[in-house]
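Here the sequence shown stands for residues 35 to 500, where the numbers follow the working numbering.
For every residue, glycine included, the Cβ atom is placed at its ideal position computed from N, Cα and C.
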Amino acid sequence: MPEQIINATNDALYSYILIILLVLGGIYFSVRTRFAQFRLLGQQFKSVTEKTDKNGVSSFQALMVSTASRVGTGNIIGVATALCIGGFGSVFWMWVIALIGAASAFVESTLAQIFKKRGKDGCYGGPAHYIEAATKRKWLAVVFSVFLILTYGIGFNMLASYNLQATFSSYAFYNPTVTPWIIGLIVAALVCYCLIGGGKRLVSVTSFLVPIMGALYIVVAILITLLNYKMLPSVFEQIFSQAFDFKAIFGGFGGSCVMYGIKRGLFSNEAGVGSAPNASASAEVSHPAKQGLVQVLSVFIDTLLVCTATAFMCMSSGITPPTSSDQAAAYVQSALSTTLGQFGPVFITVAMILFAFTTLLGNLFYVDKSMNYLLGKEPSKTTRNIIYVVASLVIFAGAGLSADLLWGIADIMMGGMTLINMPVILYLGKYAIRTLKDYEKKLKQGGAISFKKQDIDLPYDTDFWN
Numbered sequence: 035m036p037e038q039i040i041n042a043t044n045d046a047l048y049s050y051i052l053i054i055l056l057v058l059g060g061i062y063f064s065v066r067t068r069f070a071q072f073r074l075l076g077q078q079f080k081s082v083t084e085k086t087d088k089n090g091v092s093s094f095q096a097l098m099v100s101t102a103s104r105v106g107t108g109n110i111i112g113v114a115t116a117l118c119i120g121g122f123g124s125v126f127w128m129w130v131i132a133l134i135g136a137a138s139a140f141v142e143s144t145l146a147q148i149f150k151k152r153g154k155d156g157c158y159g160g161p162a163h164y165i166e167a168a169t170k171r172k173w174l175a176v177v178f179s180v181f182l183i184l185t186y187g188i189g190f191n192m193l194a195s196y197n198l199q200a201t202f203s204s205y206a207f208y209n210p211t212v213t214p215w216i217i218g219l220i221v222a223a224l225v226c227y228c229l230i231g232g233g234k235r236l237v238s239v240t241s242f243l244v245p246i247m248g249a250l251y252i253v254v255a256i257l258i259t260l261l262n263y264k265m266l267p268s269v270f271e272q273i274f275s276q277a278f279d280f281k282a283i284f285g286g287f288g289g290s291c292v293m294y295g296i297k298r299g300l301f302s303n304e305a306g307v308g309s310a311p312n313a314s315a316s317a318e319v320s321h322p323a324k325q326g327l328v329q330v331l332s333v334f335i336d337t338l339l340v341c342t343a344t345a346f347m348c349m350s351s352g353i354t355p356p357t358s359s360d361q362a363a364a365y366v367q368s369a370l371s372t373t374l375g376q377f378g379p380v381f382i383t384v385a386m387i388l389f390a391f392t393t394l395l396g397n398l399f400y401v402d403k404s405m406n407y408l409l410g411k412e413p414s415k416t417t418r419n420i421i422y423v424v425a426s427l428v429i430f431a432g433a434g435l436s437a438d439l440l441w442g443i444a445d446i447m448m449g450g451m452t453l454i455n456m457p458v459i460l461y462l463g464k465y466a467i468r469t470l471k472d473y474e475k476k477l478k479q480g481g482a483i484s485f486k487k488q489d490i491d492l493p494y495d496t497d498f499w500n
């Protein structure tokens, strides 16, 4: 019964409401910014390398925090799930939601910079702060924060735990009744150890290895695609024919390539959801538009590069995708083993261990910031440790549950965040657009670029830019 309610809610959200909101919102921002996501590609790379005060958080560091919570579950298993259930046409709709959603990512991260708050350890902020400042409705910001905690602390972390243990399903020792719980317990214990303060070395080693493993993963995915280059014409033909097979799409929209492309694309790049602005607000930049452009680049790296690499690796292997989300991890491993032999499954298991670990910690960074907002202060050490223990128990529980149930929970929670964030950024979007115009004007003038809120006639109080 609970699973039926979750499925019905998901169908209502993603069949109508969110698709209209995300697509029309993305198109609106694309037009209003004159397609800044494509036009200012050079500035995106320049902004991400901007130097900052040695004690402050740079644009690049903020980008890495937001990317840490994305790479892994969404890029690998999420894409495989879309291929299994939505078909090859879902890849096209992932591209669409990334290309137009990048404009929404620019707006929400620019707003996070404009409305960021001053703290004892630097700056912080996110949607909760610009929602409260703009609407004067603290309750709405509180509801958003609760949804964020439920999404990242419960939905996404349970799912990451499940996907991690699922990569072991192709090994002989795997027992579907026992192994998931053992792996879940080990992962939960490691995360709890790191959160409570004993695992700083483990976190630093993992943070060092993940970018290397991410680069290796992309190289391996491209290599497999190139080795199977004869399959590429067929792959492209299936992507576009299935993406525009309107008879099949409207015959069963709930399981169509459009819905799964948008759901898994949104899960992967999070454009318009309201998560990345929490990391964006912590960056120290000379102009808010710069951090907005950095997050555009993040969406492109995430979906157009990593997700596409995964999709092409799987599709060019020649293996027919299973029709169950429970088999998504096994599908990725089969694709690798077909080309790389026994090395393939081992490689993807090691990659997923690293990716899932940083995903879990990255997700809890967002939870931490939202808890601070709800409490109005930094929680005491005891309160924080209780939160960390509960978060670890959630990770343990997720390893042994059903994939369909976990995807459903995660999608609903993420949908709740988006339903609040998108209308607010549509309401406040004019200030982000004015900020972009101000940035481009100063860029043409040359010299150092600075920003004051008077430059865009901002009527709200801010801690910065005065």
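Query: Return the residue from the list G450, F122, C226, K486 that minimises the CA-CA distance to L184.; Result: G450
Query: Would G463 and R171 qualify as a contact pair, given that the criterion is a beta-carbon distance under 8 Å?; Result: no
Query: May I ask you to report which of helix, strand or coil DSSP gives G231?; Result: coil
Query: Assign K487 to one of three DSSP states: helix, strand, or coil.; Result: helix
Query: Which value, in whole angstroms, describes the spacing of the CA atoms of S256 and P355?; Result: Per the sequence shown, residue 256 should be read as Ile rather than Ser. For I256 and P355, the distance between alpha carbons rounds to 19 Å.
Query: Please report the straight-line C-alpha distance between I387 and L492, rounded to a whole angstrom.; Result: 45 Å
Query: Ordered along the chain, which non-local residues of its own chain (more than five positions away) have a Cβ less than 7 Å from that of I230?; Result: N419, Y422
Query: What is the DSSP secondary structure of F287, reduced to helix, strand or coil?; Result: Reliability fails at F287, whose pLDDT of 48 lies under 50, so the model's placement of it is uncertain and no value is given.
Query: Per DSSP, Y158 is paired with what?; Result: K151
Query: State whether the segment 427-436 contacts the segment 347-354, with contact taken as three or more CB pairs (one from each stretch) at a distance under 8 Å.; Result: no
Query: Who are the near neighbours of A466 in its chain, counting only those whose CB is closer than 6 Å to its CB and skipping five residues on each side?; Result: V141, T144, L145
Query: Are A315 and Q147 close, meaning C-beta to C-beta below 8 Å?; Result: yes
Query: For the candidate residues A206, Q199, L56, whose alpha-carbon lies nearest to that of A222?; Result: Q199
Query: Helix, strand or coil for A317 per DSSP?; Result: strand
Query: With 16 other CB atoms within 10 Å as the buried threshold, where does V113 fall?; Result: buried
Query: Within the chosen definition, does the segment 250-266 reach the segment 368-384 through at least 3 CB pairs nearer than 8 Å?; Result: yes
Query: Can you tell me whether K170 is helix, strand or coil according to DSSP?; Result: coil
Query: Within the segment 375-410, note down every full beta strand (DSSP E) run reaching 3 residues or more, in order along the chain.; Result: none
Query: For a cutoff of 8 Å on Cβ pairs, would you count D497 as touching chain C?; Result: No chain C is present in this structure, which holds just one protein chain.
Query: Please determine if the segment 120-133 and the segment 146-165 are in contact, where contact requires at least 3 C-beta pairs separated by less than 8 Å.; Result: no
Query: Which of helix, strand or coil does DSSP assign to G495?; Result: Note that residue 495 corresponds to Asp in the displayed sequence, not to Gly. Three-state DSSP puts D495 in coil, outside helix and strand.
Query: Can you check which of these residues, I335, D495, V307, E37, is closest to V57 by C-alpha distance?; Result: V307
Query: With a 10 Å radius around its C-beta and 16 neighbouring C-beta atoms as the bar for buried, classify P267 as buried or exposed.; Result: exposed
Query: Using a Cβ-Cβ cutoff of less than 6 Å, which residues in the same chain neighbour N455 once the five nearest sequence positions on both sides are dropped?; Result: P161, G308
Query: Check whether the Cβ atoms of Q361 and G121 lie closer than 8 Å to each other.; Result: no
Query: When you compare only the Cα positions, how much space is there between N500 and F485?; Result: 9 Å
Query: My output table needs one value for Y48: the three-state DSSP class, helix, strand or coil.; Result: helix
Query: Is it true that the CB of V177 sits closer than 8 Å to the CB of L395?; Result: no
Query: Can you check whether the CB of A116 is closer than 8 Å to the CB of Q329?; Result: no
Query: Going by beta carbon distance, what residues of the same chain come within less than 6 Å of Y407, once the five residues before and after it are set aside?; Result: A162, S179
Query: Would you check if the distance between the CB atom of D445 and the CB atom of N109 is smaller than 8 Å?; Result: no
Query: Indicate the three-state DSSP secondary structure (helix, strand or coil) for V307 in the structure shown.; Result: coil
Query: Taking D438 as part of the alpha helix (DSSP H), name the residues at either end of that continuous run.; Result: 437-479
Query: Using only alpha-carbon positions, find the residue among F278, D495, V401 that is nearest to A313.; Result: V401
Query: Do you know how far the Cα of D497 is from the Cα of F287?; Result: With a pLDDT of 48 at F287, under the threshold of 50, the modelled position of that residue is not reliable, and no figure is offered here.
Query: Can you tell me which of T259, T452, Q376 puts its alpha carbon nearest to the alpha carbon of L47?; Result: T452
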